[in-house]
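Worksheet: one structure, shown below.
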Amino acid sequence: MIIPSPDLFNTMLFIWMALAVATFVLLLFVSAPYGRHLRRGWGPNLSNRLGWLIMEMPSSVLMLVWFFTGHGQGNIVLILFLVLWEIHYIHRTFIFPLRFHSNKKDMPVVVVFMGIFFNVGNTCFNGLHLFHFSTDYAVSWLYDWRFIIGAVIFITGFVINQHADHVLFTLRKPGETGYKIPYGGLYRWISCPNYFGEVLEWTGWAIATWSLPGVSFAIWTLANLVPRALTNHNWYVRHFKEYPKDRKAMIPYVL
Ligand SMILES: NC(=O)c1ccc[n+]([C@@H]2O[C@H](COP(=O)([O-])OP(=O)(O)OC[C@H]3O[C@@H](n4cnc5c(N)ncnc54)[C@H](OP(=O)(O)O)[C@@H]3O)[C@@H](O)[C@H]2O)c1
Numbered sequence: 016m017i018i019p020s021p022d023l024f025n026t027m028l029f030i031w032m033a034l035a036v037a038t039f040v041l042l043l044f045v046s047a048p049y050g051r052h053l054r055r056g057w058g059p060n061l062s063n064r065l066g067w068l069i070m071e072m073p074s075s076v077l078m079l080v081w082f083f084t085g086h087g088q089g090n091i092v093l094i095l096f097l098v099l100w101e102i103h104y105i106h107r108t109f110i111f112p113l114r115f116h117s118n119k120k121d122m123p124v125v126v127v128f129m130g131i132f133f134n135v136g137n138t139c140f141n142g143l144h145l146f147h148f149s150t151d152y153a154v155s156w157l158y159d160w161r162f163i164i165g166a167v168i169f170i171t172g173f174v175i176n177q178h179a180d181h182v183l184f185t186l187r188k189p190g191e192t193g194y195k196i197p198y199g200g201l202y203r204w205i206s207c208p209n210y211f212g213e214v215l216e217w218t219g220w221a222i223a224t225w226s227l228p229g230v231s232f233a234i235w236t237l238a239n240l241v242p243r244a245l246t247n248h249n250w251y252v253r254h255f256k257e258y259p260k261d262r263k264a265m266i267p268y269v270l
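Each position in the sequence shown, counted from 1, maps to that position plus 15 in this note's numbering.
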């Protein structure tokens, strides 16, 4: 196992965050070609169920590798961080793709590679920080306001994300592939509460871990999901004349 020096790690982390900012700007102009924005010209496709499985798997597997090769095994705080991470990623990798109603949808292979790139980088930064470099997660961290507030925000975001994705999954009958207007929960105020919940989750993670890799994950999540929420919202407004006029894209009353 090759572990970078702390200096190299920090330099790479700043480059990684700069890449997130560049990605944000790019995604404002070019929507990632999957889901309702799938289009020709992005090379060969594969089934989106398989695509999600392949691109998300590195996050759950690699984090376990960093955990079992690091110093976290006897540390309750680090074990709790691992549990939060794995709850999210085991769901995203092995359960979320099984909830698609149809096998007929595809995803470009290039999107899967971009997903793998992001997930490997993100998991390495967070896993190395937590399980190899960190020295400051004593049991007392469990009573620290940063851990408590961060964990509450993470869990709130997880519940919002799950509920919002559940609403989307129940819009279609088995075999259907079209789109309908979602209602209920935070859909009353925003078009993409699943993205809002995801941003809350990783903002909570950044606060609970009080770490730069945690912050980088929150920045990447915003970079990926703010442009996509705006694109999805505009797509709904264009495709449904009856789309609720007072709904925002991702943040109630704001954006
Ligand atoms: N952390 C990150 O950087 C990041 C990045 C991307 C995604 N994510 C998370 O991954 C999850 C999925 O993201 P996504 O971009 O695929 O979300 P999405 O576009 O909202 O789609 C989620 C699922 O619901 C279906 N769906 C969406 N809108 C629908 C509608 N109006 N009517 C019927 N079905 C609808 C989609 O079908 P189709 O596939 O047919 O469109 C897909 O199966 C979300 O929870 C998101 O937060 C996280």
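Just so you know, even glycine gets a beta-carbon here, dropped at the ideal spot from N, CA and C.
Computed from a predicted structure; not experimentally measured.
Can G50 be considered in contact with ligand 1, in the sense that its beta carbon sits closer than 6 Å to one or more heavy atoms? yes
So, is the C-beta of F115 closer than 7 Å to a C-beta in chain B? The chain labelled as chain B is not found in the depicted structure, where only one protein chain is given.
Leaving aside the five residues before and after D121 along the sequence, list all residues of the same chain whose C-beta is less than 7 Å from its C-beta, in chain order. L53, N60, L61, S62 and N63
Integer-rounded CB distance, given that G58 should sit under 8 Å from P123: 6 Å
Can you name the residues that DSSP bridges to P112? In the DSSP output, where bridge partners are listed per residue, P112 has none listed.
Do G165 and W81 have their beta-carbon atoms positioned less than 7 Å apart in this structure? no
Decide if A223 is buried, meaning its Cβ has at least 16 other Cβ atoms within 10 Å, or exposed. buried
Which two residues bound the contiguous beta strand (DSSP E) that contains D180? Segment W160 to F184 is the alpha helix (DSSP H) holding D180; no beta strand (DSSP E) there.
Enumerate in chain order the residues of its own chain whose CB-to-CB distance from F173 is below 6 Å, with the five nearest sequence positions on each side excluded. E216
Below 8 Å, how does it come out for the stretch 16 to 27 and the stretch 90 to 110: are there three or more Cβ pairs, yes or no? no
Could you tell me if L237 is buried or exposed, where buried requires 16 or more neighbouring beta carbons within 10 angstroms of its beta carbon? buried
Closest to F44 by C-alpha separation, out of L245, H254, A264 and P267, would be which residue? L245
Exposure label - L41; buried when at least 16 CB within 10 Å: exposed
For P73, the first and last residue of its enclosing alpha helix (DSSP H): N63 to T84
Distance cut-off 6 Å: D151 Cβ against heavy atoms of ligand 1: no
Alpha carbon to alpha carbon, how far is G50 from F184? Give it in angstroms, no decimals. 13 Å
Can you round the beta-carbon distance between I94 and S75 to whole angstroms, since I take them to be within the 8 Å contact cut? Contact flag wrong, Cβ pair sits at about 15 Å.
For Y152 versus V92, is the C-beta spacing smaller than 7 Å? yes
Between the alpha carbons of S20 and A33, how many angstroms are there, rounded? 20 Å
Please state whether the Cβ-Cβ distance between R262 and S206 is less than 7 Å. yes
I196 versus S231 - alpha carbon distance: 33 Å
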